[in-house]
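2 protein chains.
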Amino acid sequence: MPYSISDLARELDITPRAIRFYEEQGMLSPERRGQERVYSGKDRVTLKLILRGKRIGFSLAECKELIELYDPEGGNRKQLETFMHKIAERREQLEQQLLDIRQMQLELDTAEERCRAALEATTV
Amino acid sequence: MPYSISDLARELDITPRAIRFYEEQGMLSPERRGQERVYSGKDRVTLKLILRGKRIGFSLAECKELIELYDPEGGNRKQLETFMHKIAERREQLEQQLLDIRQMQLELDTAEERCRAALEATTV
DNA sequence: TCTTACGTTTACGTTAACGTAAGCCAGCGA
DNA sequence: TCGCTGGCTTACGTTAACGTAAACGTAAGA
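In C-alpha cells form, the structure reads like this:
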C-alpha cells in the first residue's frame with residue numbers, strides 16, 4: 001500500500017514534478033520517511049481524482065474543491081450544491097462539444113469528398 | 125455584409141482584442157478602410173470556425189490548420205488525413221470525458237445522499 | 001466646442017500548470 | 001571506493017491566449 005513518487009508517476013503516467021506540484025497546491029500531503037515522500041492508497045485515489053477532474057476540463061483549483069468534497073466532513077451543503085452546478089455546466093459544455101464535433105465531421109466529410117474528386121479528375 | 129470589429133465582437137461574444145490577435149496569428153486578413161478593419165462574411169465564417177475549434181478543445185494553431193483546409197486549394201491530402209486523425213483523437217477524448225462525468229455524477233450522488241442523511245440526523 | 005464612442009498601434013503584464021536545471025544527499029551493487 | 005539510481009529543495013523558465021494600459025486619431029452628436 002505504500003508507494004514511492006516514481007511508482008505513482010509511472011502508474012498514472014505523470015511526472016514526479018507534477019505530483020510534487022499538486023502537493024504544493026495543498027491537494028496531497030503524503031507521509032515522510034526522512035526526506036522521502038511515501039504515498040498511501042488514499043493518496044493514490046486522490047491523484048486519480050485529480051486526473052479525472054483534469055480530463056473533464058476542471059482546473060486544479062476546481063479539482064481541489066472536488067477532493068475536499070470527498071474529504072473529512074461530508075458537511076458543507078452549499079459547497080456541494082455549488083459543485084453540482086459546475087458539473088451541470090460541464091455537461092452542457094459537453095453537449096455543445098458533441099454538436100461541434102458532429103458538425104465538423106460533416107463538413108470534413110464533404111471536404112474529403114471534394115478532395116477525392118479533385119484527385120481523380122487530375123489522375124484522369 | 126461588411127462588419128466592424130465591434131459588430132463581430134458583440135455577435136460572437138469575444139473582445140476586439142481577441143479578434144485582432146487572431147489576425148496577428150495569420151488566421152484573418154480583413155480589408156481596411158484607411159486604418160479601420162472591415163470584415164466580410166467570409167471573415168465572419170472564419171471566426172466562427174475558430175470559435176468552434178476552440179470549443180472542441182483545439183489550440184489556435186490547430187484551428188488555423190483547420191481553417192486552411194477550407195481555404196483556397198482543396199488540395200493537400202496528407203494534411204487532410206492528419207486533421208481527420210486529430211478529430212478522431214478528440215472524439216476518443218470526448219468518450220473518456222463522458223465516462224468521467226458519469227462516474228463523477230455517480231459519486232456525487234452518493235456524496236449528496238450521505239450529506240442529506242447527515243443533515244437529517246442532526247435535525248432529529 | 002466639448003465629449004463620447006469607436007477605432008488604431010505598441011508593448012508590457014498575467015495565469016495555469018508544470019518543465020528544467022542546479023546542487024545536494026543516501027543507499028547499493030561491483 | 002566508485003558510479004549509478006532515485007529522491008529532495010530552490011528557483012527561474014515556458015507556453016498559450018489574450019488582458020490591460022498608454023497614447024493617439026476621427027466622426028458624430030449635444
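Residue numbers (the numbering used here), protein chains in the order written: chain A, 1 to 124; chain B, 125 to 248. Idealized CB from N, CA, C, for every residue including glycine. This structure is a prediction, so every number in the text was calculated from the model and none was measured.
When the alpha-carbon of Lys166 of chain B is set against those of B:Ile191, B:Gly158, B:Gln159, B:Leu184, the nearest one is in B:Ile191. A straight line joining the alpha-carbon of Leu80 of chain A with that of Ile50 of chain A spans about 17 angstroms.
In terms of beta-carbon proximity, Ile191 of chain B stays away from the interface with chain A, with every pair separated by 8 angstroms or more. Using a Cβ-Cβ cut-off of 8 angstroms, Ile19 of chain A does not count as an interface residue toward chain B, since no Cβ of chain B sits closer than that to its own. Judged by their CB atoms, Ile211 of chain B and Met104 of chain A are nearer to each other than the 8 angstroms cut-off. Taking the beta carbon of Asp43 of chain A as reference, no residue of chain B falls within 7 angstroms; the closest one sits roughly 18 angstroms away. Judged by their CB atoms, Leu94 of chain A and Ile225 of chain B are nearer to each other than the 8 angstroms cut-off. A residue is called buried once 16 or more other Cβ atoms fall within 10 Å of its Cβ, and Gln25 of chain A, having fewer, is exposed.
Within chain A, the C-beta atoms nearer than 8 angstroms to that of Arg214 of chain B come from Ile101, in chain order. Its Cα nearest to that of Thr170 of chain B, the residue B:Leu136 stands out among B:Leu136, B:Ala241, B:Glu160. If you draw a straight line from the Cα of Gln159 of chain B to the Cα of Arg141 of chain B, it is about 16 angstroms long. Scanning A:Leu98, A:Gln96, A:Leu106, A:Ser59 for the CA closest to the CA of Phe83 of chain A turns up A:Ser59. Excluding its 5 nearest sequence neighbours in each direction, Leu132 of chain B has C-beta neighbours in its own chain below 7 angstroms: Ile143, Tyr163, Arg168, Leu171, listed in chain order. Under the 10 Å beta carbon count, Leu223 of chain B is surrounded by fewer than 16 other beta carbons and is classified as exposed. Within the segment 130 to 166 of chain B, the complete beta strand (DSSP E) runs of at least 3 residues fall at 155 to 157, 160 to 162. With respect to the C-alpha of Pro30 of chain A, the residue from A:Lys54, A:Tyr3, A:Arg116 having the closest C-alpha is A:Tyr3. Its Cα nearest to that of Glu189 of chain B, the residue B:Leu152 stands out among B:Arg157, B:Gln220, B:Leu152, B:Ile129.
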